Structure formats: C-alpha cells, structure tokens
Amino acid sequence: MTETPTLDSKIVEEMTRIANMQDVYQRYKATDDPDEQGNLDDEAVGVIFSGRDPQADPNYKRDLDELEDQFYSSVKDSLKTIKINTQLSVAGLKEDYASNQDLIYKTVEDKLNEALADAENKGDAVDKIMYALGPTLRALIKVDVTQEDADNVYHADFTRRTNVIPRRTKNGVGSIEEATNSQYRVIASGYIVEETDKKGITTYTIDTEKLKKLIDNPVTGSILYSAKPEQQRQAA
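Going left to right, the sequence shown walks through residues 1 to 236 as the numbering used here numbers them.
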C-alpha cells in the first residue's frame with residue numbers, strides 16, 4: 001500500500017504562521033477598538049514567536065523586548081510590522097513552497113471537494129467552503145461597501161424573507177459587515193463548478209483553474225492549506 005505523501009512539518013508550520021498572521025492583519029484593519037487592537041498586537045507577537053522556547057533560546061527575551069517596540073505604539077506601526085513579517089516569511093518559504101506546490105494543491109483540492117460532496121444547493125456549497133475561501137479572498141481582494149450598499153442588501157433580504165417591498169423610509173438599517181460578507185460569498189460562488197448529470201443529480205466541485213491561481217500565491221496558498229472548519233479548529 002502506497003503511503004500518501006505529506007508536507008514536511010517545518011513547511012506546514014511556516015505556512016500556518018503566514019496564514020495566522022494574515023488573519024491578524026485582516027482583523028486589525030477591520031477594527032477601531034483600542035482594546036481589540038491591543039489584543040491583536042498580543043496575537044501578532046505570539047504568532048511571530050510561535051515555536052520558540054523561552055527557556056532554551058538565549059535570544060528570546062531580548063528579541064521579545066525589541067519586537068514589542070514594533071507593536072503597542074500605533075496602528076500604522078503594527079500593520080507595517082505585520083506586513084513586512086509576512087513578506088519576509090514568504091521569501092524564506094518560496095523555494096520549499098515551489099517544490100511542494102503540486103502536493104499543496106492536491107491537498108487543498110481534496111479538502112474542498114470533500115466539503116462540497118454533500119452540498120444540497122449552490123448556497124449550501126458556498127457555506128461549506130467559506131471557512132477557507134472567506135479569509136483567502138479577504139487577503140486577495142478588497143471589497144468596499146458603503147452604508148447605502150448595506151441598506152440595499154438588507155432591503156433585498158427583507159423582501160426575500162417577507163414578500164414585502166419596503167418603503168425605505170429609514171437609512172442605516174443595513175449592516176456593513178453583513179453586506180461585506182455577502183459580497184465575498186458572491187465572489188466565492190464563482191470558484192464553485194455546478195454540474196447536473198442526465199439523472200438530474202447536481203454536484204459541486206472547486207474550479208481547478210481558479211484554485212491553481214490561488215495556490216500559485218504562497219500567501220493565499222498558505223491560508224487555504226491551513227484553514228480548518230470550525231469544528232476541526234475547536235477539536236485541535
């Protein structure tokens with residue numbers, strides 16, 4: 001029996017670090033709350049120092065003190081530090097990533113198609129892979145949503161739920177966050193191939209060409225590879 005090839009653990013660790021740092025970066029850009037920004041500074045430092053042993057590493061304390069000067073001062077400095085850290089991490093991973101890209105692609109493709117296997121409709125299919133495509137698309141594509149856009153999304157959903165066309169006498173009823181999520185769901189749906197056979201059975205699979213383009217980018221490839229459904233994250 002042939003064993004399924006797996007990535008070296010050090011490559012996986014570096015890809016996970018890149019994915020986690022991107023998660024912090026996106027959440028940092030989305031908040032104006034100073035307390036939340038402070039928590040994200042803590043997370044960023046934790047991601048950068050993941051895998052280092054404070055007892056065995058003679059430079060740990062000195063490096064930590066130096067790194068903390070990069071954070072906790074301003075949002076601009078924190079975001080710049082996170083961005084540079086990601087760029088340098090990708091540069092260090094580039095050669096190993098390229099030599100293992102086929103395996104990374106196959107692993108991600110299998111994972112997403114497995115999630116799509118029992119999708120009941122296109123909306124359900126999007127739901128099943130947003131855990132991976134959501135953060136990936138946020139790292140790749142910026143979606144600008146205005147309050148007017150958010151109100152339009154809410155009113156469209158209101159009509160769908162009630163079969164009533166609203167008078168639209170109120171502004172600011174829509175959630176920008178919900179409207180942004182809706183836009184990313186629309187984009188994600190374009191990564192799903194829908195096919196119906198002669199028996200009328202519809203199946204959903206990930207678009208191979210679009211997925212390959214995402215895997216070509218070590219940042220988005222790392223996010224896709226590292227992404228786990230919520231239930232898997234909680235069990236990990």
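All residues carry an ideal CB built from backbone N, CA and C; glycine is no exception. None of these values were measured; they are calculated from a predicted model.
Within this structure, are the beta carbons of residue i and residue j separated by less than 8 Å?
{"i": "residue 21", "j": "residue 86", "result": "yes"}
{"i": "residue 82", "j": "residue 44", "result": "yes"}
{"i": "residue 137", "j": "residue 184", "result": "yes"}
{"i": "residue 72", "j": "residue 41", "result": "yes"}
{"i": "residue 89", "j": "residue 14", "result": "yes"}
State the DSSP-derived secondary structure class of residue i, mapped to helix, strand or coil.
{"i": "residue 223", "result": "helix"}
{"i": "residue 72", "result": "coil"}
{"i": "residue 180", "result": "helix"}
{"i": "residue 195", "result": "strand"}
{"i": "residue 57", "result": "coil"}
{"i": "residue 175", "result": "coil"}
{"i": "residue 77", "result": "helix"}
{"i": "residue 149", "result": "helix"}
Can you have a look at residue i and say buried or exposed, based on whether 16 or more other CB atoms are within 10 angstroms of its CB?
{"i": "residue 1", "result": "For residue 1, the predicted model reports a pLDDT of 47, less than 50, meaning its position is unreliable; a value from the coordinates is still stated below. It counts as exposed."}
{"i": "residue 164", "result": "exposed"}
Start and end of the alpha helix (DSSP H) containing residue i?
{"i": "residue 191", "result": "Run containing residue 191: none; DSSP gives neither H nor E here."}
{"i": "residue 206", "result": "Run containing residue 206: none in the alpha helix (DSSP H); it sits in the beta strand (DSSP E), 202-206."}
In whole angstroms, what separates the C-alpha of residue i from that of residue j?
{"i": "residue 149", "j": "residue 220", "result": "27 Å"}
{"i": "residue 155", "j": "residue 167", "result": "9 Å"}
{"i": "residue 208", "j": "residue 98", "result": "18 Å"}
{"i": "residue 134", "j": "residue 12", "result": "20 Å"}
{"i": "residue 121", "j": "residue 49", "result": "42 Å"}
{"i": "residue 159", "j": "residue 123", "result": "18 Å"}
{"i": "residue 37", "j": "residue 28", "result": "6 Å"}
{"i": "residue 119", "j": "residue 128", "result": "7 Å"}
{"i": "residue 9", "j": "residue 140", "result": "26 Å"}
{"i": "residue 205", "j": "residue 195", "result": "8 Å"}
Counting only beta-carbon separations shorter than 8 Å, does residue i have a partner in chain B?
{"i": "residue 186", "result": "Here there is only one protein chain, and chain B is not present."}
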